[in-house]
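See below for the structure under consideration.
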Amino acid sequence: MTTGDAGGESGRSRSEEERGEAGEGQRGRSAAEWTTLAVSIVLILGLLALVTYVSMTGGDDLPIVEARPLPAEMRHEGESYYLPVEVTNRGGRTAEEVVVEAELAGRDGSSEASEFTLDFLAGGETREGTAVFTADPSEGELTIDVASFQSS
Amino acid sequence: MQQRQGRSGSWGKELQDILRAVSGGFIFATPLLYTMEMWWIGTTAELWKLLLFLGVATLITFALARSRSGGFKNETSRFASLEQAVDGVAVGLVGAVIVLTVLNRIELGDPLGSVLGKVIVQAVPLCIGAAVANAIFGPHGERSRAGEESEGEGQSAREAFVADFGATIIGAIFLAFSIAPTDEVPTLAAELDYAHALALIVLSLLLTYSIVFASGFGTGQHEQQGPFQSPLTETVLAYLLSLLVALVSLALFDRFEWGDPLGEMVTMVLVLGLPAAVGGAAGRLVV
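Line by line, the protein sequences are chains A and B. Going by the working numbering, the first residue of the first sequence is number 1, and it counts up by one from there. Going by the working numbering, the first residue of the second sequence is number 1, and it counts up by one from there.
Here it is as structure tokens:
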């Protein structure tokens with residue numbers, strides 16, 4: 001009896017479905033539906049074109065990470081000097097956990113180190129970090145190095 | 001049903017279908033939109049793998065649209081299902097671009113490859129969510145609560161208000177609680193400037209409206225009079241309640257401390273306000 005019920009249920013839904021398909025075949029599709037469909041197809045083709053473009057041009061090269069200070073944008077707040085450092089990945093693949101170390105050797109022989117980490121640096125991407133010193137970086141000898149990064 | 005759709009015109013019906021797709025997409029995808037690993041995968045994974053993933057999502061959408069209870073339109077023929085699969089992917093792509101832009105995950109000048117990766121990977125859950133919209137909202141957009149209509153007739157305006165009020169809060173808690181304790185909230189809040197915060201409010205309101213609408217306004221089933229009973233007031237009230245839920249969740253999970261700058265607290269509430277609003281608007285479906 002239970003199976004009979006289940007069979008009746010699915011039979012009903014199937015006939016409903018067939019009716020839906022037949023009805024739709026007759027009514028055709030509205031301009032609105034064609035427009036949405038056309039816009040959707042254009043969007044998807046656009047995506048495929050962009051992905052193809054990126055795969056063709058953007059190389060699969062390993063990351064090449066470079067850091068350079070931006071002394072013109074340095075700020076002096078209280079006791080500290082904030083020196084922005086621009087980090088660029090010239091390669092194609094993403095570099096993760098990019099560690100940048102900055103060292104400042106004062107003329108009086110003192111030395112100070114600063115370090116920051118960027119989580120992600122995609123191929124071709126440029127991001128900024130800030131090195132903080134207590135002495136004025138423009139007065140001493142500054143070295144900025146990319147210490148390490150991970151890549152897959 | 002057919003007559004009503006005939007009167008509202010084919011553009012109105014198509015808009016309704018697309019709104020239902022968007023609503024289903026966001027209800028399903030919001031937790032993943034607020035997952036930083038998803039942003040990272042978009043940057044690190046190879047594009048062809050992500051495209052393959054989107055292709056699988058398209059097939060799933062097609063299969064779900066073929067079934068009686070899936071999809072976001074009211075048809076199950078092969079062509080209509082294909083159409084829904086294509087539209088679903090497009091809804092996912094556009095939705096992903098908008099949300100990632102508003103949350104400041106992508107911006108002009110970012111490398112194209114990483115932007116594409118993030119968009120494609122977030123389009124997948126949005127697309128699958130669109131494909132289950134009918135299962136969430138019911139195929140005709142009526143509220144899927146059983147016996148709602150007979151209950152509704154006996155409801156006074158005050159009872160209807162209390163029911164919607166409670167539904168919104170419970171729905172908002174549903175989504176906000178799973179996101180409130182995570183680090184995504186402060187991370188997103190930290191990078192949210194004024195323009196992005198405004199855009200976030202607008203997007204939250206639009207999504208609330210879309211879900212309120214998809215969940216059955218305009219079907220003539222909901223005719224009680226009460227403060228929640230017009231789509232616009234319902235949207236604004238639901239959003240404000242959702243912000244309140246976001247605020248309380250963040251406080252309960254100890255994400256605030258005394259003396260935190262007010263601006264940071266406000267942006268965190270706004271950031272969590274989007275999932276809370278999506279959940280709150282969808283709340284009336286689960287209660």
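We treat Cβ as the ideally placed atom computed from N, Cα and C, and that holds for glycine.
Residue-level contact to chain A via CB, residue i, 7 angstroms cutoff
i	result
residue 19 of chain B	no
residue 214 of chain B	no
residue 10 of chain B	yes
residue 181 of chain B	no
residue 257 of chain B	no
residue 113 of chain B	yes
residue 260 of chain B	no
residue 90 of chain B	yes
residue 233 of chain B	no
residue 116 of chain B	yes
residue 185 of chain B	no
residue 97 of chain B	no
residue 107 of chain B	no
residue 191 of chain B	no
residue 159 of chain B	no
residue 264 of chain B	no
residue 93 of chain B	yes
residue 164 of chain B	no
residue 22 of chain B	no
residue 86 of chain B	yes
residue 16 of chain B	no
Enclosing beta strand (DSSP E) for residue i [first to last residue]
i	result
residue 72 of chain B	Residue 72 of chain B -> no beta strand (DSSP E), and no H or E assigned at all.
residue 77 of chain A	75-77
Residue i, enclosing alpha helix (DSSP H) - first and last residue
i	result
residue 34 of chain B	Unbroken run through residue 34 of chain B: none, as it is neither H nor E.
residue 246 of chain B	231-252
residue 256 of chain B	It is not in any alpha helix (DSSP H) - residue 256 of chain B carries neither H nor E in the DSSP assignment.
residue 106 of chain B	Here residue 106 of chain B belongs to no alpha helix (DSSP H), and DSSP marks it neither H nor E.
residue 67 of chain B	Neither: residue 67 of chain B is in no alpha helix (DSSP H) and is coded neither H nor E.
residue 111 of chain B	Careful: residue 111 of chain B lies outside any alpha helix (DSSP H) and carries neither H nor E.
residue 33 of chain A	31-57
residue 210 of chain B	194-214
residue 77 of chain B	Looking at the DSSP string, residue 77 of chain B is not in any alpha helix (DSSP H), and its letter there is neither H nor E.
residue 182 of chain B	First-last for residue 182 of chain B: undefined, no H or E at that position.
residue 135 of chain B	133-137
Top-ranked residue by Cα proximity to residue i, from the options
i	options	result
residue 184 of chain B	B:34, B:15, B:28, B:207	B:34
residue 48 of chain A	B:106, B:112, B:22	B:112
residue 119 of chain A	A:105, A:100, A:132, A:133	A:100
residue 104 of chain B	B:209, B:28, B:257, B:36	B:36
residue 30 of chain B	B:207, B:64, B:11, B:84	B:207
residue 278 of chain B	B:204, B:66, B:213	B:204
residue 66 of chain A	A:104, A:95, A:112	A:95
residue 116 of chain A	A:81, A:102, A:106	A:102
residue 330 of chain B	B:244, B:106, B:13, B:247	For residue 330 of chain B there is no data in the structure shown, the boundaries of chain B being 1 and 287.
residue 211 of chain B	B:247, B:72, B:80	B:72
residue 267 of chain B	B:124, B:49, B:197	B:197
residue 55 of chain B	B:125, B:79, B:95, B:21	B:125
residue 175 of chain B	B:39, B:188, B:282, B:119	B:282
residue 142 of chain A	A:129, A:68, A:78, A:98	A:68
residue 68 of chain B	B:285, B:81, B:258	B:81
residue 135 of chain B	B:61, B:249, B:94, B:255	B:61
residue 93 of chain A	A:41, A:36, A:139, A:55	A:55
residue 34 of chain A	B:58, B:14, B:170, B:164	B:14
Chain B within 7 angstroms of residue i, Cβ atoms only
i	result
residue 67 of chain A	no
residue 32 of chain A	yes
residue 94 of chain A	yes
residue 36 of chain A	yes
Residues that DSSP places opposite residue i in a beta bridge
i	result
residue 103 of chain A	A:113, A:143
residue 88 of chain A	A:66, A:126
residue 133 of chain A	A:81
residue 98 of chain A	A:118
residue 138 of chain A	DSSP lists no partner for residue 138 of chain A.
residue 148 of chain A	A:99
The ligand NAP heavy atom lying under 6 angstroms from the CB of residue i
i	result
residue 17 of chain B	Judged by which ligands are present, the structure shown has none, so any question about the ligand NAP falls away.
message: Under 7 angstroms, CB to CB, which of the residues in the stretch 40-60 of chain A have a partner in chain B?
response: 40, 41, 43, 44, 47, 50, 51, 54, 55, 58
- prompt: What residues from the stretch 120-146 of chain A come within 7 angstroms of chain B, judged by C-beta to C-beta, listed N to C?
  reply: 120, 122, 123, 124, 125
field: Residues within the stretch 37-61 of chain B neighbouring chain A, beta-carbon criterion of under 8 angstroms
entry: Going along the stretch 37-61 of chain B in chain order, one finds 40, 43, 44, 47, 48, 51 with a Cβ nearer than 8 angstroms to chain A.
message: Output needed in chain order: residues of the stretch 102-115 of chain A with a Cβ under 7 angstroms from some Cβ in chain C.
response: Among the protein chains in the structure shown, which are A and B, there is no chain C.
query: Given a limit of 7 angstroms on CB to CB distance, which residues of the stretch 68-90 of chain A reach chain B?
result: none
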